[in-house]
Amino acid sequence: MNRLKITLAALTALIALPAFAHDGVHINNPYARVIGGVGASGAVFFEIENHQDVDDRLISVGTDVAERAELHTRYEEGGVMKMMHVLEGFAVPALGFHSLARGGDHVMLMGLRSELKSGDVIDLTLTFELAREVTVQAVIDNDRKPEDGAVGHDMSGHDMDGITKQ
Ligand SMILES: [Cu+2]
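Using the working numbering, the first residue of the sequence shown is number 7, and each one after it goes up by one.
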């Protein structure tokens, strides 16, 4: 019994230490999906890990690879998956997580400036209310399966409902 407790404690320490060893936010497992060439759209997914003991919020994203980058979410309406621009951004709870994943929240890239292929890496700058700017390198991975089995962010059905084109 004692031995089990010690093992569990050691394991907990191992898991907890790297995660909370520094301040700010950490971006886990970033990747992007794109289809088409110049002018096409893409979506970026990752997990935000908040190491701060206060709530934070992702409020904007910038990149040089597209004309525009926005924070989007997907929702179902009448059996049809739609998406919308989330102006207030994504809340990340204190010492918690927020996932951008297929079928849900994502970073939308509109008007790609070059043709991106699987394996290419793109740079993004995420701006948080408190942690301020965090740079992310996301690999293009069009073959990755949805982690959670949710409805995929299928670009062929990626309607642009509610988005005003510039
Ligand atoms: Cu979108």
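We treat Cβ as the ideally placed atom computed from N, Cα and C, and that holds for glycine.
Quick caveat: nothing in here was measured; it's all calculated off a predicted structure.
Taking the DSSP output, what are the residues bridged to Q143? As DSSP reads the structure, Q143 sits in a beta bridge with D129.
Just verifying my parser: in three-state terms, what is the DSSP assignment at S120? Coil at S120, not helix or strand.
Taking only the alpha-carbon atoms, compute the straight-line gap between A46 and L118 and give it to the nearest angstrom. A direct Cα-Cα distance of roughly 5 Å separates A46 from L118.
Please list, in chain order, all residues with a C-beta atom less than 6 Å from at least one heavy atom of ligand 1. Going by the Cβ distance cut-off, the answer is A49, H78, M89, H112, M114.
Okay, do the region 116 to 135 and the region 82 to 91 touch, 3+ Cβ pairs below 8 Å being the bar? At 8 Å Cβ cutoff, the stretches do not touch.
Kindly indicate which three-state DSSP category I41 falls into: helix, strand or coil? In the structure shown, I41 sits in coil (DSSP, three-state: anything other than H, G, I, E or B).
Would you grab the beta carbon distance between F96 and E53 for me? Rounded to a whole angstrom, and I think it's under 8 Å. With 8 Å as the limit, F96 and E53 do not qualify as a contact, their Cβ atoms being about 11 Å apart.
Using the C-alpha atoms, what's the distance from G43 back to A49? Rounded to the nearest whole angstrom, the CA to CA distance from A49 to G43 is 14 Å.
Range covered by the beta strand (DSSP E) that runs through L64: Boundaries of the beta strand (DSSP E) harbouring L64: 62 to 68, taken from the DSSP string.
Supposed contact pair V31 and N3 - C-beta distance, whole angstroms, cut 8 Å: Absent from the model: residue 3. The displayed extent of the chain is 7 to 172, so no value can be given.
In terms of residue numbering, what span does the beta strand (DSSP E) encompassing G95 cover? Segment: none, G95 is in no beta strand (DSSP E) and carries neither H nor E.
Would you report the Cα separation of R39 and I146, rounded to the nearest angstrom? Our two residues, R39 and I146, have alpha carbons roughly 6 Å apart in a direct line.
Would D59 pass as a contact of L101 if the rule is Cβ separation under 8 Å? The Cβ-Cβ distance between D59 and L101 falls below 8 Å.
I believe V113 touches V67 by the beta-carbon criterion, under 8 Å. Please report the beta-carbon distance rounded to the nearest angstrom. At roughly 5 Å, the Cβ-Cβ gap stays under 8 Å, so V113 and V67 are in contact.
Using only the alpha-carbon positions, how far apart do A107 and L122 sit? Looking at the two C-alpha atoms, the distance is approximately 20 Å.
Comparing alpha-carbon positions, which option in S105, M116, A137 lies nearest P36? Answer by Cα proximity: S105.
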